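Student: First residue of the sequence shown? That's 160 in our numbering, and the numbers climb one at a time after it.
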Amino acid sequence: MAKECQIGRLVLSRAGRDKDNSFIIIDILDENYVYICDGNIHTLDKPKKKKIKHLIFTNIICEDIIDLKATGNNIKNSVIKRFIQSHQVNKEV
160 MAKECQIGRL VLSRAGRDKD NSFIIIDILD ENYVYICDGN IHTLDKPKKK
210 KIKHLIFTNI ICEDIIDLKA TGNNIKNSVI KRFIQSHQVN KEV
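Laid out in structure tokens, this is it:
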């Protein structure tokens, strides 16, 4: 599993129909797959299962999501949407 793969990390999709979109990792399935969410199309109720090799990892981490998961509180889609909008990342070529 990639060392930078952790819950709450902001990632960009590098492949698929959601290419170049921003997501937050909300769960790690195994060494190859994670669940990602954008709070809009891929909500917490229906997260997207994505291969780790199809993601570009940023150094931005949402501490709110880590704290909410650690305390057992529910994460809201609005928190994820707001975080992604405030940390909009453009893929550099």
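All C-beta atoms in this analysis are idealised placements derived from N, C-alpha and C, irrespective of residue type, glycine included.
Nothing here was measured: the structure is a model prediction, and the numbers come from that model.
Using 10 angstroms around the beta-carbon of R176, count the other beta-carbons present and answer buried if the total reaches 16, otherwise exposed.
Tutor: Taking the first residue of the sequence shown as position 1, residue 176 is located at position 17. Counting Cβ neighbours within 10 Å, R176 comes out exposed, since fewer than 16 surround it.
Student: Using CA coordinates, which residue listed in R173, D204, A174 and N218 is at the minimum distance from D186?
Tutor: Numbered from 1 along the sequence shown, position 27 holds the residue referred to as residue 186. Checked all of R173, D204, A174 and N218; the closest Cα to D186 is D204.
Student: For the candidate residues D189, L188, S172 and N191, whose alpha-carbon lies nearest to that of D197?
Tutor: Position 38 of the sequence shown, counted from the start, is the residue given in the question as residue 197. Among D189, L188, S172 and N191, the Cα nearest to that of D197 belongs to S172.
Student: Give me the Cα-Cα distance between I234 and L214, rounded to the nearest whole angstrom.
Tutor: In the sequence shown, counting from the first residue as 1, residue 234 sits at position 75. In the sequence shown, counting from the first residue as 1, residue 214 sits at position 55. So the two alpha carbons sit approximately 22 Å from each other.
Student: Do Y194 and K210 have their beta-carbon atoms positioned less than 9 Å apart in this structure?
Tutor: Here the question's residue 210 lines up with position 51 in the sequence shown. Here the question's residue 194 lines up with position 35 in the sequence shown. Not a contact, by the Cβ cut-off of 9 Å.
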